[in-house]
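Heads up, the final residue of the sequence shown is numbered 423 in this note's numbering, and it's a clean run with no missing numbers. Idealized CB from N, CA, C, for every residue including glycine.
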Amino acid sequence: MKVPPHATAHIFVSSRANETEHILVRDGHVLHVLVPKWIVFDQSKSEKEVEDDRVNYVIELIETLISTIDFTQTLTAFLVRRRNGDTLVPKPLRSTTFRVTCPTWERLIDESEIETTDWIYDLNRKGRWNNMDVELWFGYEDRYLRFVQNTMVALHALWQRNLDLHFKVLGHLIRDNDVIGIVMEPNGGRCIEMYDRALAYNTFQELQKNNLVFDWSQASISNLRIADGKVRFETKILQSVKDVSHERDPERLACARQTHWDALESMLRSLDEMSRYCGGSNPADSMEIHDRRAARLLAYIPFPERPLLLDIQFSTDYRSSVIWSRHRRAITKKTQLPLLSKCDEYREIERGRDEDVPRLSVSAVTLSRTSRRRQGHQYEPYWLPNTLHSSAWSDVSDATSTTEADLSTSSGVFAHFTTS
């Protein structure tokens with residue numbers, strides 16, 4: 004999925020026993036959102052329908068909260084339910100301590116040289132480099148850097164033995180002169196079919212002859228591809244290829260080789276079952292599409308805030324900022340209590356003149372805490388004079404030359420806004 008600049012995308016979701024993990028990306032940065040399964044849906048639906056409803060609900064909830072997270076300052080956030088609503092709690096960002104130590108054998112490619120065109124998973128994306136399509140596998144934290152390390156060790160072992168059982172390595176991805184990933188040709192080809200069984204057995208036999216074993220008994224048959232007439236391992240499972248040339252314990256060596264063949268038997272057995280279930284066709288391609296069903300761009304939806312309450316008082320009389328300034332000091336001295344705001348001064352002026360002025364009041368204005376934080380400052384009561392043009396206001400600074408007779412020819416309108 005291509006993600007435009009400054010946009011946020013939901014690219015993948017994985018479900019666990021007690022929580023789901025949602026993976027988001029923005030401007031090349033990855034965020035993992037962990038969500039507990041406290042959302043209960045209609046249990047009369049199938050398990051898949053319930054899971055889809057839960058995923059869609061959580062994504063909509065994340066859309067209203069994602070603006071509160073800085074992707075450059077954290078890798079993980081927790082969705083927490085509170086009495087006043089849900090919130091995303093970021094986990095502080097820690098510097099990576101793991102370093103890839105496997106020796107490099109191809110050219111070094113800086114991350115800035117590659118243009119990302121498609122996000123597949125959090126550690127897997129596609130891009131353009133030197134006018135060619137490439138596939139990137141990179142680590143942005145310790146656990147994924149270990150994946151890069153193990154994959155490079157397996158690729159190096161295959162390269163030393165001249166075994167063409169993987170997709171071509173184009174280079175090693177670096178950031179700040181540290182190796183963080185692998186640049187490869189896109190993993191393509193077709194899925195293994197029933198008539199490819201002999202080819203698969205020959206491939207595993209070739210591995211064992213070169214003291215290499217495949218050590219993952221639960222691998223999926225969809226991770227083996229047929230390209231250029233050969234079986235090729237997808238990059239995501241290459242870390243399971245182990246070098247046993249230095250193993251001296253006969254029992255451990257026999258166990259590793261047994262696991263090697265058990266993994267192949269398990270994959271072919273699952274292929275038989277899926278083929279019977281799907282009427283003879285291989286459903287591996289549709290499985291990949293289903294895994295990426297949650298990939299989408301997230302819309303910016305402001306989180307619902309507290310309603311705004313408005314308090315506006317209007318009055319029309321001969322009072323003006325000039326008259327108010329002239330009498331301000333005198334009225335302040337007459338008051339027994341300290342004046343807390345300009346609103347209090349206005350009331351004192353009005354009380355001193357004993358004028359019965361009609362006014363219009365509309366309930367009070369209150370901005371939510373979120374709005375005040377976004378504005379960056381606290382609003383205070385203030386006055387906004389809005390007067391019609393009059394020759395009496397040609398020089399408002401000269402208060403002594405302005406008389407009440409002059410002011411009677413103009414109509415002053417004052418609006419009082421109070422926010423808290």
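Checklist entry - Is it right to say Leu300 is buried, meaning 16 or more other beta carbons lie within 10 angstroms of its own, or is it exposed? => result Burial call: exposed.
Checklist entry - Are the Cβ atoms of Asp246 and Asn214 separated by less than 8 Å? => result Against a cut-off of 8 Å, the Cβ pair of Asn214 and Asp246 comes out as a contact.
Item to check | Whole beta strand (DSSP E) elements within the region 161-188, 3-residue minimum | outcome: You should have 172-178, 181-187.
Checklist entry - Which residues share a DSSP beta bridge with Ala259? => result Per DSSP, none; premise fails for Ala259.
Item to check | DSSP three-state assignment for Asp199, whether helix, strand or coil | outcome: Reduced to three states, the DSSP call for Asp199 is helix.
Checklist entry - Assuming Glu50 and Leu37 make a contact with CB atoms under 8 Å, what is their CB distance in whole Å? => result At roughly 21 Å, the Cβ-Cβ gap does not stay under 8 Å, so Glu50 and Leu37 are not in contact.
Next on the checklist: Does the contact criterion of 3 or more C-beta pairs under 8 Å hold for the region 103-119 versus the region 166-186?
Outcome noted: Cβ pair count under 8 Å is three or more, so yes.
Checklist entry - Can you name the start and end residues of the alpha helix (DSSP H) that Ile65 belongs to? => result Per DSSP, Ile65 belongs to the alpha helix (DSSP H) from 50-68.
Checklist entry - Is there contact between the region 226-241 and the region 180-193, where contact requires at least three CB pairs shorter than 8 Å? => result Flag = yes, the region 226-241 and the region 180-193 touch.
Checklist entry - What residues match up with Phe217 in a beta bridge as DSSP calls it? => result According to DSSP, which records beta bridges pairwise, Phe217 is partnered with Val244.
Next on the checklist: Need the endpoints of the beta strand (DSSP E) that Val137 sits in, please.
Outcome noted: It spans 135-141 - the beta strand (DSSP E) in which Val137 sits, taken as one unbroken run.
Checklist entry - Of all the options Trp122, Glu22, Gly184, Tyr198, which has the alpha carbon lying nearest to the alpha carbon of Tyr147? => result With distances taken between Cα atoms, Tyr147 lies closest to Gly184.
Next on the checklist: Rounded to whole angstroms, what is the Cα-Cα separation between Asp252 and Glu209?
Outcome noted: Rounded to whole angstroms, Asp252 to Glu209 spans 22 Å at the Cα level.
Checklist entry - Once you ignore the five residues that flank Trp108 on each side, which residues in its own chain have a CB closer than 7 Å to its CB? => result These residues qualify, in order along the chain: His159, Trp162.
Item to check | Beta-carbon proximity check, Ile224 vs Leu274, cutoff 8 Å | outcome: Cβ atoms of Ile224 and Leu274: closer than 8 Å.
Checklist entry - So, Thr71 versus Leu91, is the Cβ gap smaller than 8 Å? => result Closer than 8 Å, so yes.
Item to check | Contact check, Val172 vs Leu202, beta carbons under 8 Å | outcome: At the C-beta level, Val172 and Leu202 stay beyond 8 Å of one another.
Item to check | Close-in-space but distant-in-sequence residues of the same chain around Lys5 (CB under 7 Å, 5 per side omitted) | outcome: Contacts found: Thr120, Asp121.
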